[in-house]
Each structure stands twice: as structure tokens, then as C-alpha cells.
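What the sequence shown shows, in my numbering, is residues 33 to 336, in sequence order.
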Amino acid sequence: MVIAPCLVAILFMCCLVAYSPTLYRMFCAATGLAGTTQRVIADTAAISKQTVTVAFDTNVAPGLPWRFEPDQRAVTVHLGEQKLVYFTAENLSDQSIVGHATFNVTPLRSGIYFNKIQCFCFSEERLDAHQKVNMPVVFYVDPAFGRDADMHDVAQITLGYTFFRSANPENARDLSRFLPDSPPDPANGREIFSERCAACHELDRNKYGPMLGGVFGRRAGSVAGYDYSPALKHAGLTWTADSLNSWLIYPQKFIPGVKMPVRVPDAASRRDLIAYLQAESLQRIDGPNAASPKSAADGHHSGS
Ligand code: HEC
Numbered sequence: 033m034v035i036a037p038c039l040v041a042i043l044f045m046c047c048l049v050a051y052s053p054t055l056y057r058m059f060c061a062a063t064g065l066a067g068t069t070q071r072v073i074a075d076t077a078a079i080s081k082q083t084v085t086v087a088f089d090t091n092v093a094p095g096l097p098w099r100f101e102p103d104q105r106a107v108t109v110h111l112g113e114q115k116l117v118y119f120t121a122e123n124l125s126d127q128s129i130v131g132h133a134t135f136n137v138t139p140l141r142s143g144i145y146f147n148k149i150q151c152f153c154f155s156e157e158r159l160d161a162h163q164k165v166n167m168p169v170v171f172y173v174d175p176a177f178g179r180d181a182d183m184h185d186v187a188q189i190t191l192g193y194t195f196f197r198s199a200n201p202e203n204a205r206d207l208s209r210f211l212p213d214s215p216p217d218p219a220n221g222r223e224i225f226s227e228r229c230a231a232c233h234e235l236d237r238n239k240y241g242p243m244l245g246g247v248f249g250r251r252a253g254s255v256a257g258y259d260y261s262p263a264l265k266h267a268g269l270t271w272t273a274d275s276l277n278s279w280l281i282y283p284q285k286f287i288p289g290v291k292m293p294v295r296v297p298d299a300a301s302r303r304d305l306i307a308y309l310q311a312e313s314l315q316r317i318d319g320p321n322a323a324s325p326k327s328a329a330d331g332h333h334s335g336s
């Protein structure tokens, strides 16, 4: 049989990759496995010393009475570093209005190295009359940018957004989800989970990371059959809204020596993710007929 040696090879790769993000990344790139994983691992494998300046440019098309501006004109980032920036949008009119944003990256040829993590395309977004929100955008520039000779003359990358009045306002989402005091939204948390966690975590199965079903109220580092870092295994803490929040801000600062390479720098995303994990954990305890995820999260969320 030809297939047996292949399986052994794949198994061997899997063992290797469990120990090395860089190898994991190469493996994924070589096999085309899990595009999302590749994307997530990329920023974590190598944060380069090299930096690049990213500038922000915003426009509002005629016919949309909004103000829309970046909170910072430009930032300098290390290649591979995840960066959180904010844009402010304000509806200057007396009516609720749905806007739609397009974005572009210039110079165009640098676009392939500019990676969105989440909340990048603001499509069909509603702002109520005179409402003002800070919208987070998390991005990183692929370290491969620094190795591409064609990029050597690129001193600055510009991310531009233009907001238009939406032609299809029916299915708009509310930009108020980014307000700090808006209620936690487990459904949004589920979406963020699939975008930013599912590459390494499932609810009911250990993967590159431990299974997260029922994580709320669980002791850290305690899932049977998962090979934790000693740091997490002996952290001696229980997962609550507060500890999950600190963990997601920066795992390796919260508990030095842990091996989760991902961060969630924006507070609104953390709030919704935690609400999702909490609702999902409560459902396990109470059974499927218990409170709906939404009310469970609203009722028990201790805030952060
Ligand atoms: C690139 C892979 C990767 C991604 C993406 C990732 N994690 Fe992890 N996560 C890990 C690894 C690896 C561990 C184990 C850390 C250790 O043992 O030090 C872990 C551990 C955890 C733990 C501790 C679980 C326990 O049993 O104690 C939580 C909670 C967690 N991750 C939440 C998340 C959330 C929420 C997201 C999405 C924002 C996420 N992780 C994204 C790799 C990942």
C-alpha cells in the first residue's frame, strides 16, 4: 500500500506542527490546508524587526450626511504585528441611515500583503440619527512583504475607505454594536469565533488548541488529552468573564509561557466572544431547553 507511508508522514507533520508555529505554517502553505489557519498563524509565526507605515484615508460620497474619519492618520507597525486602529463615524442627520463602505489598499501591488483579521468591510451598516461610534479594524502586514524585492521602494501603505449611502438597506447591521455599553451579542460572538478561533479550536474536540465547549467555569489547562504548556496547566485559575477577557487581550502577558499566539485587541469583539462562550457553556449545564443563548448571556455576563 502506498497510502500507509503517506499517513505516517502526515502524522509526523502533525506532531511537528504542534510544536512549531513556523512549521505549522509551512505545512499549511504546502498542502493548502485550512486557509484561515494559514492566515492566523502567519501573523504569529514571525513578528519581524522591520517596520512599515500604514496610513489611513477616508471619504464620504455625496448624498451621505455622515462624518467618517480615522482616529489616527498613520501608524508604524512591525511586519507580522497585529494592530488595532479605530475609525469614527457619525450620522449628522435626523434620520437613521444605512451606509456601505468599500476599501482599497495602495500601492495596489502591496495589497496582497495587507491582511484583515476582522471587521474590515463595513457593508450595510446602520447609524441612528446623530449617533457616533468608534469602529475597530484589526490588521497586520505579512512578514513576506519584507522579503519581496518589489516592495523595497514601498515606504508607506495606505488603507482607504469610502462610505456610500446603501442601495440595499434591508439587511443592515447596527454600528451601535461597537458602542462600549451596548449589550453583549452572542450571535456576533459566534461569528467572531468562526473567523478568529475556529482555525485552532472546536467546541467538542481538541485541535491545535484545546476544545472550548464548556470552557466557562472550567479550570484552566484541564481538558483531558490535550497537551498544555506547563504555564497554563499550572496557572491555577478558573475561566470567568474577567479571566477570559484578560486572556484574550494578550495571553502571553496574562500568563507568561503559554502557547496561544493570538490576541483579540478590540473590546467589543472580546465582549461578544465571551458572551458566546458563556451562553454555550450554560446551555451545556442547563440542557438545550434552558434559557436562550441571548438571555443567558445578558443575565450572567459580569462585564469587563
Ligand atoms: C493559532 C491557534 C489558536 C487560535 C487562532 C486561538 N487559540 Fe486559543 N489556544 C491555542 C493554544 C495552542 C492553546 C493552549 C495554550 C497552552 O497550552 O499554553 C489555547 C488555549 C485557549 C484557552 C484556554 C483553554 C483551557 O482549556 O484552559 C482559551 C480560553 C482559548 N484558547 C480561547 C481562544 C479564543 C476565544 C480564540 C479566538 C479569539 C482562540 N483561543 C484562538 C491556540 C489558538
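The beta-carbon is built from N, C-alpha and C at its ideal position, and this holds for glycine as well.
To the nearest angstrom, how far is it from the Cα of residue i to the Cα of residue j?
| i | j | result |
| --- | --- | --- |
| residue 282 | residue 133 | 30 Å |
| residue 117 | residue 168 | 6 Å |
| residue 237 | residue 180 | 39 Å |
| residue 58 | residue 203 | Residue placement at residue 58 cannot be trusted, given a pLDDT of 34 that sits under 50; what the coordinates show is reported in the next sentence. Each residue's alpha carbon lies about 39 Å from the other. |
| residue 296 | residue 273 | 14 Å |
| residue 244 | residue 252 | 11 Å |
| residue 337 | residue 195 | Limits of the chain in this structure are 33 at one end and 336 at the other, which puts residue 337 out of reach. |
| residue 199 | residue 268 | 53 Å |
| residue 205 | residue 131 | 10 Å |
| residue 201 | residue 286 | 42 Å |
| residue 110 | residue 83 | 4 Å |
| residue 292 | residue 112 | 16 Å |
| residue 313 | residue 235 | 10 Å |
| residue 212 | residue 103 | 16 Å |
| residue 163 | residue 157 | 12 Å |
| residue 208 | residue 188 | 32 Å |
| residue 90 | residue 127 | 22 Å |
| residue 120 | residue 100 | 6 Å |
| residue 105 | residue 166 | 15 Å |
| residue 182 | residue 265 | 45 Å |
| residue 178 | residue 88 | 21 Å |
| residue 275 | residue 230 | 20 Å |
Tell me which same chain residues have a C-beta within less than 6 Å of the C-beta of residue i, skipping the five on either side of it?
| i | result |
| --- | --- |
| residue 67 | Legend: pLDDT at residue 67 = 38, less than 50; position of this residue unreliable, value from coordinates given subsequently. For residue 67, where only same-chain residues beyond five positions count, there are no Cβ hits under 6 Å. |
| residue 97 | 124 and 125 |
| residue 241 | 232 and 233 |
| residue 263 | 287, 289 and 290 |
| residue 300 | 210 |
| residue 316 | 246 |
| residue 149 | 170 |
Determine the DSSP secondary structure at residue i, reduced to helix, strand or coil.
| i | result |
| --- | --- |
| residue 279 | helix |
| residue 197 | strand |
| residue 248 | coil |
| residue 207 | helix |
| residue 188 | strand |
| residue 172 | strand |
| residue 222 | helix |
| residue 235 | coil |
| residue 306 | helix |
| residue 265 | helix |
| residue 182 | helix |
| residue 285 | helix |
Report all residues from its chain with a CB closer than 7 Å to the CB of residue i; omit the five preceding and five following residues, and keep chain order.
| i | result |
| --- | --- |
| residue 186 | 139 and 142 |
| residue 107 | 86, 115 and 117 |
| residue 224 | 150, 301, 304 and 305 |
Near residue i, what residues of its chain come up, given a Cβ to Cβ distance below 8 Å and the 5 sequence neighbours on each side ignored?
| i | result |
| --- | --- |
| residue 257 | 238 |
| residue 270 | 249, 250, 251 and 252 |
| residue 93 | 194, 195, 196 and 197 |
What do you reckon, is the C-beta of residue i under 6 Å from a heavy atom of ligand 3?
| i | result |
| --- | --- |
| residue 241 | No copy of ligand 3 appears in this structure; the ligands present are ligand 1. |
Taking 7 Å as the CB-CB cut-off, is residue i touching chain C?
| i | result |
| --- | --- |
| residue 299 | Although the question refers to chain C, the structure presented lacks it and comprises just one protein chain. |
Provide the residue(s) that pair with residue i in DSSP beta bridges, ordered along the chain.
| i | result |
| --- | --- |
| residue 270 | 251 |
Go through the segment 84-169 residue by residue and report every complete run of the beta strand (DSSP E) that reaches 3 residues or more, in order.
For secondary structure counted as the beta strand (DSSP E) over 3 or more consecutive residues, the segment 84-169 holds these complete runs in sequence order: 98-102, 106-110, 115-123, 129-138, 146-150 and 157-159.
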